[in-house]
Amino acid sequence: MTLKIQNTLTNKKEEFVPIEKGKVKMYVCGVTVYDDIHMGHARSIIVFDVVSRYLRYLGYDVTFVTNFTDVDDKIINRANERGIEALALSKEYIEKYFRDIESLGVRRADIYPQASTSMPYIIDMVRDIIDKGYGYATKDGSVYFRVRKIPDYGQLSNRTLDEMRSSGRVDLDPDKEDPMDFAVWKGVKPGEVSWESPWGEGRPGWHIECSAMIRHYLGDVIDIHGGGNDLIFPHHENEILQTEAVTGTHLANYWMHNGMLETKGADGKAVKMSKSLKNFFKVEDVAKKFDKYTIRFYYLNTHYRSPLTYGEENMLEAQAALRRLWNNYRDLQAAARDGASGSADCISRDIEEARRGFRESMDDDFNTRAAIEALFAFARTTNRMMGEKTLTKEGAQAAIAFMDEINDVLGILPENEGSSDDGSFNEVMQILIDLRKELRTKKQYELADMIRDRLKDAGYVIEDSSEGAKWKKI
-10 MTLKIQNTLT
0 NKKEEFVPIE
10 KGKVKMYVCG
20 VTVYDDIHMG
30 HARSIIVFDV
40 VSRYLRYLGY
50 DVTFVTNFTD
60 VDDKIINRAN
70 ERGIEALALS
80 KEYIEKYFRD
90 IESLGVRRAD
100 IYPQASTSMP
110 YIIDMVRDII
120 DKGYGYATKD
130 GSVYFRVRKI
140 PDYGQLSNRT
150 LDEMRSSGRV
160 DLDPDKEDPM
170 DFAVWKGVKP
180 GEVSWESPWG
190 EGRPGWHIEC
200 SAMIRHYLGD
210 VIDIHGGGND
220 LIFPHHENEI
230 LQTEAVTGTH
240 LANYWMHNGM
250 LETKGADGKA
260 VKMSKSLKNF
270 FKVEDVAKKF
280 DKYTIRFYYL
290 NTHYRSPLTY
300 GEENMLEAQA
310 ALRRLWNNYR
320 DLQAAARDGA
330 SGSADCISRD
340 IEEARRGFRE
350 SMDDDFNTRA
360 AIEALFAFAR
370 TTNRMMGEKT
380 LTKEGAQAAI
390 AFMDEINDVL
400 GILPENEGSS
410 DDGSFNEVMQ
420 ILIDLRKELR
430 TKKQYELADM
440 IRDRLKDAGY
450 VIEDSSEGAK
460 WKKI
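At position 321 of the sequence shown (counting the first as 1) the number is 310 in my numbering, and the numbers step up by one without a gap.
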């Protein structure tokens, strides 16, 4: 099996070949820290969390870098509104960012560089751009990049300069040589945070931050560069220009872009979730209603490049589907504990088939939806075997080990399932079931029903059968 990635640069699905055997250098554009992250941000964060996990599952030594833009117009404006320093504001939201991604079950990247602490690398790269004739300083201390010096500008977005100019995303500064030129360094303005540079006090442009951080932490060329598809133009196009100007080579071998999270507008049409449109849902708020596994499942049950519509009804559907998988997993726990002893051979062929289905799906451009379908097919097999009493204790243990293996990539099953903590939880649940049984024996039905109802409110249901009472998550 061979991993293939849909490369935005070539618009082809290509076999993944790392620059250095066994190692992967990956950079994903992070957030601008002037507010809480919303569910649109969370999609990209979870997508590339799973990408990095799967690469490690394949045995790669991954260096994963994602940045914080903590110097930006939005940050400065928000800080001025609140009457605090810009860097104090960004520090506050960086701390909240880490709390939010923890609530999403996201494993931290290896390095989180910040623009404010990367000034030496940024200034060095701006100087290199000027020295090579691709940049020029203006009288206000700004430095602009000469876009037309790179003949293949637009290679990532497949747009011409004329199309870009007509898009309206052009700063018509009279000091620029060409309206298409963009700032790599912005001269200081009153009330703005700034740093000393050879061109006077100022701060970096948005695009130069990522180019400089990548070059410093990962080198001139990296394996994978990721982000939302809303960053293709102008951000990623301009990153490519800056790096090519300085190094003479391309920036990344594979460009990955996730689709946007959308909401339904007043006219019923889907629109991108964004702060500017005020149609966003904060991760902090959604995490109060849904656990991290449901949120992850909701995203991963759609291919990362496809658009995805957000709504509470969509989350409830994801929750219901995931509960079926959880209940299967819990039944396997019971079978591994109480089932008849025997060989694990009864399930070994099914495990290999499911593992092959998972690998083939993930190797096909990280198709998590198909990977989840393979996991559900395996769950149906084990459910049938448990119903037919053909799954041995050892077979159930092997099935659990396989699901844990897959879950280490997807992160959609509670991590403590099968751990000592989960054992304690099972013991507590059994105590409650035994207490309820005793109360019913003593005809104290009101108290017995109260235990049942309170557990249901907490998301657990007790099912009575001829074999005794069992509990499961709903």
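Ideal Cβ placement from N, Cα and C applies to all residues, glycine included. Note that this is a predicted model, so its numbers are computed, not measured.
Among S200, I361, I451, W315, nearest to V17 - alpha-carbon criterion:
By one-based count along the sequence shown, residue 17 stands at place 28. Answer by Cα proximity: S200.
Report all residues from its chain with a CB closer than 8 angstroms to the CB of D167; omit the five preceding and five following residues, and keep chain order.
Here residue 167 corresponds to residue number 178 of the sequence shown, with the count starting at 1. Only R135, V136, R137 meet the Cβ criterion.
Between which two residues does the beta strand (DSSP E) containing R192 stretch?
Here residue 192 refers to the residue found at position 203 when the sequence shown is read from its first residue. Where R192 is concerned, the enclosing beta strand (DSSP E) stretches over 191 to 193.
So, L321 versus A366, is the Cβ gap smaller than 8 angstroms?
Position 332 of the sequence shown, counted from the start, is the residue given in the question as residue 321. Position 377 of the sequence shown, counted from the start, is the residue given in the question as residue 366. Cβ atoms of L321 and A366: not closer than 8 angstroms.
Give a yes or no on contact between the segment 22 to 40 and the segment 54 to 70, applying the rule of three or more CB pairs nearer than 8 angstroms.
The segment 22 to 40 is in contact with the segment 54 to 70.
For the segment 323 to 336 against the segment 296 to 313, do three or more pairs of beta-carbon atoms, one drawn from each stretch, fall closer than 8 angstroms, so that the two count as touching?
Flag = no, the segment 323 to 336 and the segment 296 to 313 do not touch.
Between K128 and D164, which are expected to be in contact by the criterion C-beta below 8 angstroms, what is the C-beta distance as a whole number of angstroms?
For the purposes of this step, residue 128 is taken as the residue at position 139 of the sequence shown. For the purposes of this step, residue 164 is taken as the residue at position 175 of the sequence shown. Confirmed, about 6 angstroms.
Return the chain-ordered list of same chain residues with a C-beta closer than 7 angstroms to the C-beta of A467, the five sequence neighbours on each side being excluded.
The question about residue 467 has no answer here: the residues shown for the chain are numbered -10 through 463.
With DSSP collapsed to three states, give me the class of D393.
On the sequence shown, position 404 is the one that residue 393 refers to. Note: D393 maps to helix in three-state DSSP.
Assuming A104 and P193 are in contact, meaning their beta carbons sit under 8 angstroms apart, how far apart are those beta carbons, in whole angstroms?
By one-based count along the sequence shown, residue 104 stands at place 115. By one-based count along the sequence shown, residue 193 stands at place 204. Going by Cβ atoms, the distance from A104 to P193 rounds to 6 angstroms, so yes, they are a contact pair.
Alpha carbon to alpha carbon, how far is K431 from K382? Give it in angstroms, no decimals.
In the sequence shown, counting from the first residue as 1, residue 382 sits at position 393. In the sequence shown, counting from the first residue as 1, residue 431 sits at position 442. If you take the alpha carbons of K382 and K431, they lie about 35 angstroms apart.
On a CA-only basis, which of W188, I213, K178 is nearest T55? Give me that one, please.
Along the sequence shown, one-based indexing puts residue 55 at 66. Ranked by Cα distance from T55, the first of W188, I213, K178 is I213.
Going by other Cβ atoms of all chains shown within 10 Å of its Cβ, with 16 needed for buried, is N(-4) buried or exposed?
Here residue -4 corresponds to residue number 7 of the sequence shown, with the count starting at 1. That one is buried.
Contact under 8 angstroms by Cβ, A324 with L380
Taking the first residue of the sequence shown as position 1, residue 324 is located at position 335. Taking the first residue of the sequence shown as position 1, residue 380 is located at position 391. Cβ atoms of A324 and L380: closer than 8 angstroms.
Report the rounded CA-to-CA distance for I440 versus T283, giving the unit in angstroms.
Working through the sequence shown from its first residue, we reach residue 440 at position 451. Working through the sequence shown from its first residue, we reach residue 283 at position 294. I440 and T283: Cα-Cα distance of roughly 26 angstroms.
To the nearest angstrom, how far is the alpha carbon of L428 from that of I420?
Locating residue 428 in the sequence shown gives position 439, counting from the first residue. Locating residue 420 in the sequence shown gives position 431, counting from the first residue. Looking at the two C-alpha atoms, the distance is approximately 12 angstroms.
Taking N147 as the reference, give the member of L207, F222, E74 with the closest Cα.
On the sequence shown, position 158 is the one that residue 147 refers to. Of the candidates L207, F222, E74, the one whose C-alpha sits nearest the C-alpha of N147 is F222.
So, helix, strand or coil for H27, using DSSP?
The residue given as residue 27 occupies position 38 in the sequence shown. DSSP places H27 in strand when its eight states are reduced to three.
Leaving aside the five residues before and after S350 along the sequence, list all residues of the same chain whose C-beta is less than 7 angstroms from its C-beta, in chain order.
Position 361 of the sequence shown, counted from the first residue, corresponds to residue 350. Around S350: N356, A359, A360, A363.
Beta-bridge pairing of I211 - partner residues as DSSP gives them:
Along the sequence shown, one-based indexing puts residue 211 at 222. DSSP lists A241 as partners of I211.
Nearest-angstrom Cα distance between F279 and F5?
In the sequence shown, counting from the first residue as 1, residue 279 sits at position 290. In the sequence shown, counting from the first residue as 1, residue 5 sits at position 16. Answer to the nearest angstrom: the Cα atoms are 35 angstroms apart.
Going along the chain, which residues of its own chain have a beta-carbon closer than 8 angstroms to the beta-carbon of E452, five neighbours each way excluded?
Taking the first residue of the sequence shown as 1, we reach residue 452 at position 463. Contacts found: A458, K459, W460, K461.
Start and end residues, beta strand (DSSP E) containing T283
The residue you call residue 283 lines up with position 294 of the sequence shown. From DSSP, T283 is part of no beta strand (DSSP E) but of the alpha helix (DSSP H) over 281 to 289.
Extent of the continuous alpha helix (DSSP H) run through V275:
Numbered from 1 along the sequence shown, position 286 holds the residue referred to as residue 275. It spans 272 to 278 - the alpha helix (DSSP H) in which V275 sits, taken as one unbroken run.
L402 and K281 closer than 8 angstroms at C-beta
Here residue 402 corresponds to residue number 413 of the sequence shown, with the count starting at 1. Here residue 281 corresponds to residue number 292 of the sequence shown, with the count starting at 1. Contact flag unset, no.
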